[in-house]
Amino acid sequence: SAVISQKPSRDICQRGTSLTIQCQVDSQVTMMFWYRQQPGQSLTLIATANQGSEATYESGFVIDKFPISRPNLTFSTLTVSNMSPEDSSIYLCSVWDATGANVLTFGAGSRLTVL
Amino acid sequence: TQLLEQSPQFLSIQEGENLTVYCNSSSVFSSLQWYRQEPGEGPVLLVTVVTGGEVKKLKRLTFQFGDARKDSSLHITAAQPGDTGLYLCAPRGGPRRLTGGGNKLTFGTGTQLKVEL
């Protein structure tokens, strides 16, 4: 299955600043998905990142707050802009496994704490 | 997108106990997946159930898809500390309000399990 590396694994940020999270996959994939997991909660899909086009955002998430880049088929970034304590979450990158086994594979996540 | 309801939300048990986790809906799905997320990691697929009434076993874990393909359960026998984690169900091929539609995967509300020695 695909191997996904996320950076940073964790960070502590100040209110009002922005942080960019990187996601690197060891194989080429069409779609990359970004999820948010608030403390003690399930995963919520933020957006789908497609190479060569703008990301598709889910209801409640906007590009100005969570800009996404997808420069090639193995890499994507998610920026959390103008952060507030409510943005403290784990952010996870995921892709469908290339074997076609209908498995969603995840990175280990980026734990963000906003003070 | 609405989240599929899971119950219980939290469960803390002693090693050796049995438990069942439920994933319930009034909608029909073509399949349903179960994932487990351990602390500090991303979720990992445990199983996919496709046929109504289907039962799949993974060591001490038994997964069942409801006859009408609207719900699913996960039963763990003789739980061990290594079973600790967040268990998530994820429906496929159902109403967009629950599945998100297309190639997206949405998850249920989750069950946080803690197994203590």
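One line per chain: the protein sequences are A and B, in this order. Per this note's numbering, the first sequence starts with residue 1, numbered consecutively. Per this note's numbering, the second sequence starts with residue 1001, numbered consecutively. We put the beta carbon where it would ideally sit given N, CA and C, even for glycine. These numbers come from a predicted model, not from an experiment.
Item                                                                                                                                                                      : Value
May I ask you to list the residues that DSSP assigns as paired with G1085 (chain B)?                                                                                      : B:L1113
Relative to the C-alpha of I90 (chain A), which residue among A:Q14, A:I4, A:G52, A:S9 is closest?                                                                        : A:S9
Is there at least one non-hydrogen atom of the ligand GDP closer than 8 Å to the beta-carbon of L112 (chain A)?                                                           : As presented, the structure is devoid of all ligands, the ligand GDP included, so that no description of it is given.
Determine whether the Cβ of N1103 (chain B) lies closer than 9 Å to any Cβ atom of chain A.                                                                               : yes
So A108 (chain A) contacts chain B; which residues on that side make the cut at Cβ distance below 9 Å?                                                                    : G1040, E1041, G1042
Going by DSSP, what residue range makes up the alpha helix (DSSP H) through T1099 (chain B)?                                                                              : 1096-1099
Measure the CB-CB distance between Y1035 (chain B) and S1072 (chain B) and report whether it falls below 9 Å.                                                             : no
CB-CB under 6 Å to K65 (chain A), same chain, minus the five flanking residues each way: which ones, in chain order?                                                      : S81
Cα-Cα, which of B:L1058, B:E1017, B:S1027, B:Q1002 is closest to L116 (chain A)?                                                                                          : Coverage of chain A is limited to positions 1 through 115, which leaves residue 116 (chain A) absent and any answer about it impossible.
Output needed for T56 (chain A): all residues of its chain with C-beta closer than 7 Å, excluding positions within five of it in sequence on either side, in chain order. : A47, T48
Mapping the DSSP letters down to three states, classify D87 (chain A) as helix, strand or coil.                                                                           : helix
Between P67 (chain A) and the rest of its own chain, which residues show a CB-CB distance below 6 Å, the 5 nearest in sequence each way excluded?                         : T79
Using a beta-carbon distance below 9 Å, is T48 (chain A) in contact with chain B?                                                                                         : yes
Could you check how far apart the C-beta atoms of H1075 (chain B) and T1020 (chain B) are, in whole angstroms? I think they sit under 8 Å.                                : 5 Å
In whole angstroms, give me the CA-to-CA distance for S5 (chain A) and G1042 (chain B).                                                                                   : 11 Å
Relative to the C-alpha of G60 (chain A), which candidate in A:V114, A:Y35, A:R15, A:S18 has its C-alpha closest?                                                         : A:Y35
Comparing C-alpha positions only, which one of A:Q28, A:Q37, A:T20, A:L115 sits nearest to A98 (chain A)?                                                                 : A:Q28
What is the C-beta distance between Q37 (chain A) and L92 (chain A), in whole angstroms, given that I count them as a contact (C-beta under 8 Å)?                         : 6 Å
How should F1010 (chain B) be labelled, buried or exposed, when 16 other C-beta atoms within 10 angstroms of its C-beta is the threshold for buried?                      : exposed
With DSSP collapsed to three states, give me the class of P1043 (chain B).                                                                                                : coil
For a contact defined as C-beta to C-beta under 7 Å, what are the partners of N102 (chain A) on chain B?                                                                  : T1048
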